[in-house]
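Protein chains in written order, with the numbering used here: chain A, 102 to 325; chain B, 6 to 431. As structure tokens, the structure follows; a few thoughts come after it.
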Amino acid sequence: MKILIIEDEKELALNMAEYLNKEDYRCEFAENFEQAVDKTSSFNYDCILLDLMLPGGDGIKILETLKNQNKQDGVIIISAKGSLNDKIKGLQLGADDYLAKPFHLSELSARIYSIIRRKQFGNSNNLILHELQIDLLAKTVKVHDTDISLTKKEFDLLLLFIGNKNRVISKNALAEHLSGDMADMFDNHDFVYAHIKNLKKKLTEAGYNNYLKTVYGTGYKWEA
Amino acid sequence: MTKLLNKPLKAFTLYAILILVCSIPAYYLIVDSIWMEELDEHNYILREQTQEGFNKLRPTSDELSQSIGLWNKIQPTSTVFHEAQNSPISDSIYTINRIVSHNGQTESDRFRGLLTAIKIDGKYYKLRIETNVEEADETVLAISLITCIFITLLIVGFILLNKRLSKRIWQPFYNTLEQIKSFDLNQSKTPAFSNSDIEEFQELNQSLSKLIKNNLTIYNQQKEFTQNASHELQTPLALLKTKLDLLVQDVSLTEHQRQTIETLDESLARITRINKNLLLLAGIENKEYSIASVDIKLMLSSLVKRFKEYTDQPDTITEDVYEAVTVSANESLTEVMISNLLSNAIRHGSDNNKIHIVLKDRTLTISNSGTTSLKSEYLFKRFASASSQSPGTGLGLAIVKEIADKYAWTVSYAYKENLHFFSIKF
């Protein structure tokens, strides 16, 4: 899997790459507008992480060019602007997702994972992970062919873990993932505990192999 | 409070009354002295006529005595005395009050008298002429009456003129006042003062324009600064966050180190939220938000559904939504406003928190359990509630207020029977 990180802040790009490399992704970099245009026009990527504020030009133009060329690369806009209008504009122009800075790497990884899955498998998006069967479209989960009824939040959490296999996800990253777009949402970790506890309980009752581990003092990890 | 124009009106009126009252004795004295002079002249003329009349008769001494008797009878105002004298007597003038009866009524009348002598046939006869003068009190009364009428006319005139003046001459001033009253720093509309041909007003308008312009510049700079500072912070924050994410992957970390990282992560999460909210707050006033028709009822029920997903006790939220409310506003901002109120109610509720939502009469009210009333004057201020103990950013309610103000909705807070009520009137 090839990922292009278009980001002028080198250290941040390296951090992203370090996290993603462990996931079987190969990362390439573009530090300015010119490099970005060069790479996006010459190669195909499974996913492009696009910072909108680049030295030398507006990142939105790269997105427009990609769409004009009918390229199928997945695009996640990563912006420091964080304004609601930028988000709407980016998604309207055909970006697959939008992530406002600052973000957790686990969040980024989960989003990349979901975009690549969507691009690769189209409509029949069934994910099989050992005894777990996840239908990403219908949002249903089966363990050993038994249906498990998960709430929306529990399903979201499960996808976050699946998109960050063998990584430690901090409680703050989980809390932020749960509260999503909400402007002033909870920092209360009790909510996180409650949802994780329920998810774990439902999966255990259906007989999964206890992949979800607690990392004391930090958070959780899906070991598989 | 009195109006500016009423102050000189009072002074002018008092001064006018004073002057007019003082004029009463002055008029009296003048009128009276003119009277007296005229009557004295009149009395002298009478004397000349009397003297002439008698001399024309050329009477003998008997006839004279008869004529004098007759004269005194038909001319009661003048009396000629019978005794003849060889030398003239000096004239004397006097004023006297006499009790006179006429038409069966007796009253005191004032007379101006002249005691003199007329010369008939070389002999001098004493003559007394008395003419009725208007009494002093009657004169004073008449003058006072007239003065009172003039005072009334003056005061009525002053009041009417004052009203006209305040409407006409002071109009530019009231225009300016109205403009300043409706001026709001948040709305980038600068008041346009109309030109005035009155120097003071023109100066006032110019000074105000300058003052407002300076204030707006400073305000915009401050807003821009907040926005830029928040923007610039995003990248270093992202760097810190991702570094910590990478750090926790290290399996060789001790538990103590993990706890340190968690504390760092929590502080960082808080800074991130504050920064995000500051950015939002600074951006609300920008006109860049598109306006659409927003169904509050629909938005509310979907938000409540989302909030119930977070909590493991969805029963704490009850709804009483029985009115469709549609507003013209930006959808995202409206959503931020309502969700801030909801998360506020969830976060700050006491144990066994019960959250109740009511939407009726174009008013959204969200109530939650509480123990003490909050200080409403600080509630909506930035960072007013922030402390190391409180988990919030201290900006949630400030954002609510800012968004409500943008669309001229009214936010209010009340505390009744152990419940906090936050309301938005659309």
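Here a beta-carbon is modelled for each residue, glycine too, at the ideal position from N, C-alpha and C. Since this is a predicted model, take the numbers as computed values, not measurements.
Note to self: So for Q234(A), helix, strand or coil by DSSP?
What the structure shows: strand
Notebook entry, point to check: Between the Cα of L120(B) and the Cα atoms of S72(B), I134(B), G109(B), which residue gives the shortest distance?
Noted result: I134(B)
Check: Of the residues Q136(A), V176(A), T305(A), G160(A), which one's Cα is nearest the Cα of D147(A)?
Finding: V176(A)
Next item on the list: Have a look at K78(B), N108(B), T195(B) and flag the residue whose alpha-carbon is nearest the alpha-carbon of T222(B).
Entry: T195(B)
Notebook entry, point to check: Taking the alpha carbon of L249(B) as the point to measure from, which residue in K272(A), I297(A), D291(A) has its own alpha carbon closest?
Noted result: K272(A)
Note to self: Suppose the cutoff is 8 Å on Cβ atoms and the five residues either side in sequence are ignored; what does the same chain contact list for F163(B) look like?
What the structure shows: L14, F17, T18, A21
Check: On the three-state DSSP scale, how would you describe W175(B)?
Finding: coil
Item checked: Residue-level contact to chain A via CB, S295(B), 9 Å cutoff -> yes
Check: Considering only the beta carbon of each residue, do H425(B) and S344(B) sit closer than 9 Å?
Finding: no
Notebook entry, point to check: List, in order along the chain, the chain B residues whose C-beta lies closer than 8 Å to that of S207(A)?
Noted result: D250
Next item on the list: Please compile the residues from chain B whose C-beta is within a distance smaller than 7 Å of the C-beta of V269(A).
Entry: V253, Q254
Margin query: Which complete beta strand (DSSP E) runs does the stretch 120-180 of chain A hold, if anything under 3 residues is left out?
Written below: 127-131, 148-152, 175-180
Notebook entry, point to check: Helix, strand or coil: how does DSSP classify L359(B) here?
Noted result: Looking at the sequence provided, one finds Lys at residue 359(B) rather than Leu. DSSP places K359(B) in coil when its eight states are reduced to three.
Notebook entry, point to check: Going straight from the alpha carbon of L305(B) to that of L252(B), what length do you get?
Noted result: 40 Å
Check: What's the call for C128(A), buried or exposed, on a 16-neighbour Cβ count within 10 Å?
Finding: buried
Margin query: Residues in the same chain with beta-carbon distance under 6 Å from H245(A), minus the five sequence neighbours each way, listed in chain order, please.
Written below: E232, G308
Next item on the list: With 8 Å as the C-beta to C-beta threshold (strictly closer), list the residues of the stretch 252-278 of chain A near chain B in chain order.
Entry: T252, K253, K254, R268, V269, S271, K272, N273, A274, A276, E277
Margin query: So the candidates are G58(B), A197(B), L190(B), R169(B); which of them puts its Cα closest to the Cα of L182(B)?
Written below: A197(B)
Note to self: I want to verify the contact list: residues of chain B whose CB lies under 7 Å from the CB of F134(A), in sequence order.
What the structure shows: In chain order: nothing, as chain B lies at least about 17 Å away.
Checklist line | Closest residue to V363(B) among L384(B), N48(B), L51(B), K430(B) (Cα-Cα distance) | finding: K430(B)
Notebook entry, point to check: Should the stretch 200-210 of chain A be regarded as contacting the stretch 238-248 of chain B, the criterion being three or more beta carbon pairs within less than 8 Å?
Noted result: yes
Next item on the list: Please list the segments of the alpha helix (DSSP H) lying wholly inside the stretch 138-225 of chain B, counting only runs of 4 or more residues, in order along the chain.
Entry: 141-173, 176-186
Next item on the list: Please check if any C-beta of chain A sits within less than 9 Å of the C-beta of Y383(B).
Entry: no
Check: Going by beta carbon distance, what residues of the same chain come within less than 7 Å of A334(B), once the five residues before and after it are set aside?
Finding: I296, V299, Y412
Checklist line | Span of the alpha helix (DSSP H), counted from its first residue to its last, around E42(B) | finding: 11-62
Note to self: List, in chain order, every chain A residue whose beta-carbon is nearer than 8 Å to that of R263(B).
What the structure shows: V316, Y317, G318, T319
Checklist line | Inter-stretch contact at 8 Å, needing at least 3 Cβ pairs: the stretch 364-371 of chain B / the stretch 319-330 of chain B | finding: yes
Margin query: Here's the rule I'm using: 16 or more other beta-carbon atoms within 10 Å means buried, otherwise exposed. How should N280(B) be labelled?
Written below: buried
Margin query: Tell me the rounded alpha-carbon separation between S381(B) and L190(B).
Written below: 22 Å
Note to self: Please classify Q90(B) as buried or exposed, where buried requires at least 16 other C-beta atoms within 10 Å of its C-beta.
What the structure shows: exposed
Check: My guess is that D45(B) and I98(B) are in contact by the Cβ rule of under 8 Å, so how many angstroms apart are they, rounded?
Finding: 6 Å
Next item on the list: Go ahead and pull the three-state DSSP assignment for F103(A).
Entry: Here the sequence assigns Lys to residue 103(A), which means Phe is not the residue at that position. If DSSP states are grouped into helix, strand and coil, K103(A) belongs with the strands.
Next item on the list: Going by CA-CA distance only, name the one from L10(B), T316(B), N423(B), I24(B) that's closest to I156(B).
Entry: I24(B)
Next item on the list: Kindly list, in the order they appear in chain A, the residues whose Cβ is closer than 8 Å to that of A274(B).
Entry: N273, A276, E277, D288
Next item on the list: Consult DSSP for H107(B) and reduce its assignment to one of helix, strand or coil.
Entry: strand
Item checked: C-beta contact flag for L105(A) and L150(A) at 9 Å -> yes
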